[in-house]
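Asker:
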Ligand code: HEM
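Next up, the structure:
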């Protein structure tokens, strides 16, 4: 654990202005409005985060930190912090799925699950998943877009993510319904995630929410019982079986993937498009396409689609000169922390103190990180792969959603290009 002396200089350094340098006023304003529309408390939390350097106690909320090193230290400390007790996401899931998830989410079963699923999303398998799940639909979108037609990128993102879930989990869909079938899959994942809305300060779910969530989980993973024995190895269910996961673990992981990888990914896709256009960085990217992967990394940093990560303190610990006691809650402000480094720049060098804090850190580091990056890379290619800039025709922010996202973002190729 870092001690106060290590962190004090960092704290001084960070009397910051949020997303200060060069993101572009327009881009900055849109990101702030988007966060406010999603959850009015978020901008307040982010503002408070400026003072949570390295860590600060807020009545009713607990400890908040926007310091990347403190955040990483906390997320890397499973001895003192857990996501299972009240205040953590595991606490929510244990109420919905049953106490058995405690082992899978944060107990010895979690280590086993992560070890077995290590190869699930590598750079190579992720590119393959994107190709398989999106290929045809992306080709159609690209043809329409490059011909100068308008494209609602927020809607397309939801459709593409719905296709990804279907491909990964083998969820049955009626192909005759076209995009609508995938919109529905996405909406179901969103519904499940929305059950966590309003739980920033309290993770005890009322019985009606538990019941509703259980029904959704059954709708999403009910098919796994029948599919488990023969599911192909190139999708998640069959891979899980081959990796030695039980049926129950596989259903648990399927639910987790659905919840963790739908709204976050769709949010990042449309927000990346908005950032590229609003900041003007798309022109620099067109001139220097070798920065494509850096642009993806920067978009993930600046959007940080999972803006907060919650934990509960299991046993007292000292960090940054403060004592956190058993039962306290900790909120890592990932969005604020990540944006302290400055605005969206496609050529910003890799920032070692951040690594990929937008995907968390430690044992719960996002399992789908490589997949999210492959998805975003494909979206960047769709937007500027032909070397021509695009513009935003209209936008609407999502209201009262767990993950801040565009409800609609209509883009088209610039006519003067
Ligand atoms: C831009 C997109 C994404 C972002 C920003 C993101 C962010 C995160 C973060 C911050 C965590 C850690 C939560 C914690 O420590 O409590 C996490 C965990 C996780 N993510 Fe992602 N995620 C994204 C996409 C995905 C995708 C596409 C998948 C898979 C399809 C996925 C699967 C998971 C899983 C399974 C976990 C739980 C890991 C564990 O507890 O061991 N995520 N994600």
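Numbering (this note's numbering), first residue to last: 120 to 536. Just so it is clear, CB atoms sit at the ideal spot from N, CA and C, and this is done for glycine as well.
#1: Am I right that residue 532 and residue 507 are in contact with their C-beta atoms under 8 Å? What's the rounded C-beta distance?
#2: Drop a sphere of 10 angstroms on the beta-carbon of residue 363, count the other beta-carbons inside from all chains shown, and report buried for 16 or more, exposed for fewer.
#3: Where do the N-terminal and C-terminal ends of the beta strand (DSSP E) with residue 429 fall, by residue?
#4: Residue 310: which of 520, 453, 398 sits nearest, CA to CA?
#5: Residue 532 lies in the beta strand (DSSP E); which residues open and close that run?
#6: How many Å lie between residue 165 and residue 348 at the Cα?
#7: Identify the continuous alpha helix (DSSP H) that holds residue 513 and give its terminal residues.
#8: Flag this pair as touching only if the stretch 445–459 and the stretch 379–386 have three or more C-beta atom pairs under 8 Å; answer yes or no.
#9: Would you say residue 404 and residue 249 are within 7 Å of each other, going by their C-beta atoms?
#10: CB residue 156 to CB residue 516, shorter than 7 Å?
#11: Can you tell me whether residue 268 is helix, strand or coil according to DSSP?
#12: Could you tell me which residues DSSP puts in a beta bridge with residue 182?
#13: Going by DSSP, which residues form a beta bridge with residue 442?
#14: Cα separation between residue 242 and residue 361?
#15: Along the chain, where does the alpha helix (DSSP H) containing residue 211 start, and where does it finish?
#16: Exposed or buried, what is residue 179 when buried is set at 16 or more other beta-carbons lying within 10 Å of its beta-carbon?
#17: Quick one: using the 10 Å Cβ neighbour count with 16 as the cut-off for buried, is residue 326 buried or exposed?
#18: Taking buried to mean at least 16 other C-beta atoms within 10 Å of its own C-beta, is residue 509 buried or exposed?
#19: Cα separation between residue 140 and residue 340?
#20: Identify, in the order they occur along the chain, each residue of the same chain with its Cβ nearer than 6 Å to the Cβ of residue 467, setting aside the five sequence neighbours on each side.
#21: Between the alpha carbons of residue 352 and residue 512, how many angstroms are there, rounded?
#22: Measuring only the C-alpha atoms, how far is residue 378 from residue 436?
#23: With DSSP as the reference, label residue 139 as helix, strand or coil.
#24: Compute the distance between the beta-carbons of residue 293 and residue 300, then report whether it is under 7 Å.
#25: Our contact map puts residue 523 next to residue 153 with C-beta atoms below 8 Å; I'd like the distance itself, whole angstroms only.
#26: Below 7 Å CB to CB, which residues in the same chain sit around residue 284 once its five sequence neighbours on both sides are set aside?
#27: Which residues mark the beginning and the end of the alpha helix (DSSP H) in which residue 400 is found?
#28: With DSSP run on the structure shown, which of helix, strand or coil describes residue 200?
#29: From 484, 257, 358, 346, pick the residue whose C-alpha is nearest to that of residue 501; which is it?
#30: How about residue 190: is its Cβ closer than 6 Å to a heavy atom in the ligand HEM?
#31: Determine the closest residue to residue 392 out of 226, 167, 497, 173, with distance taken between C-alpha atoms.
#32: In whole angstroms, what is the alpha-carbon distance linking residue 260 and residue 535?
#33: From residue 342 to residue 471, what distance separates their C-alpha atoms?
#34: Of all the options 493, 518, 221, 237, which has the alpha carbon lying nearest to the alpha carbon of residue 246?
#35: Between residue 480 and the rest of its own chain, which residues show a CB-CB distance below 8 Å, the 5 nearest in sequence each way excluded?
#36: If you reduce the DSSP assignment to three classes, tell me which class residue 226 lands in.
Answerer: So, from the listed chains and residues:
#1: Confirmed, Cβ separation roughly 6 Å.
#2: Exposed, since its Cβ has fewer than 16 Cβ neighbours within 10 Å.
#3: Here the beta strand (DSSP E) through residue 429 covers 427–432.
#4: Nearest C-alpha to residue 310: 520.
#5: Its beta strand (DSSP E) spans residues 525–532.
#6: If you take the alpha carbons of residue 165 and residue 348, they lie about 47 Å apart.
#7: Careful: residue 513 lies outside any alpha helix (DSSP H), inside the beta strand (DSSP E) at 509–516.
#8: No: the two stretches stay apart, fewer than three of their Cβ pairs being nearer than 8 Å.
#9: It is not a contact, given that the beta carbons lie outside the stated cut-off.
#10: Contact check for residue 156 against residue 516 passes: the beta carbons are separated by less than 7 Å.
#11: Coil, per DSSP.
#12: Residue 182 pairs with 176, 449.
#13: Residue 442 is bridged by DSSP to 437.
#14: Each residue's Cα considered, the two are about 20 Å apart.
#15: Run containing residue 211: 208–216, per the alpha helix (DSSP H) assignment.
#16: Residue 179 should be labelled exposed.
#17: Counting of Cβ neighbours within 10 angstroms places residue 326 among the exposed residues, the total staying below 16.
#18: Counting other Cβ atoms within 10 Å of its Cβ, residue 509 reaches 16 or more and is therefore classed as buried.
#19: Bear in mind that a pLDDT of 47 at residue 140, under 50, signals an unreliable position, so the number given afterwards is only what the model happens to contain. Distance between the alpha carbons of residue 140 and residue 340: 45 Å.
#20: Setting aside the 5 residues that flank it on each side, residue 467 is surrounded in the same chain by 417, each with a C-beta closer than 6 Å to its C-beta; the list follows chain order.
#21: Per the coordinates, the alpha-carbon of residue 352 lies some 42 Å from the alpha-carbon of residue 512.
#22: Cα to Cα, residue 378 sits roughly 31 Å from residue 436.
#23: In this prediction, residue 139 has a pLDDT of 44, which is less than 50 and means its spatial position is unreliable; nothing more can be read from the coordinates.
#24: Yes, they are a contact pair.
#25: The pair is a contact, with the Cβ atoms about 5 Å apart (cut-off 8 Å).
#26: Setting aside the 5 residues that flank it on each side, residue 284 is surrounded in the same chain by 290, 304, 308, 377, 381, each with a C-beta closer than 7 Å to its C-beta; the list follows chain order.
#27: Unbroken alpha helix (DSSP H) run through residue 400: 400–406.
#28: Looking at residue 200 - three-state DSSP - the assignment turns out to be strand.
#29: Closest by alpha carbon: 257.
#30: No, the Cβ of residue 190 stays beyond 6 Å of every heavy atom of the ligand HEM.
#31: Cα-wise, what sits closest to residue 392 is 497.
#32: About 21 Å.
#33: Rounded to whole angstroms, residue 342 to residue 471 spans 42 Å at the Cα level.
#34: Of the listed residues, the one whose Cα sits closest to residue 246 is 493.
#35: Leaving aside the five residues that flank residue 480 on each side, the residues in its chain whose CB is nearer than 8 Å to its CB run, in chain order, 190, 191, 194, 195, 474.
#36: Correct three-state label for residue 226: coil.
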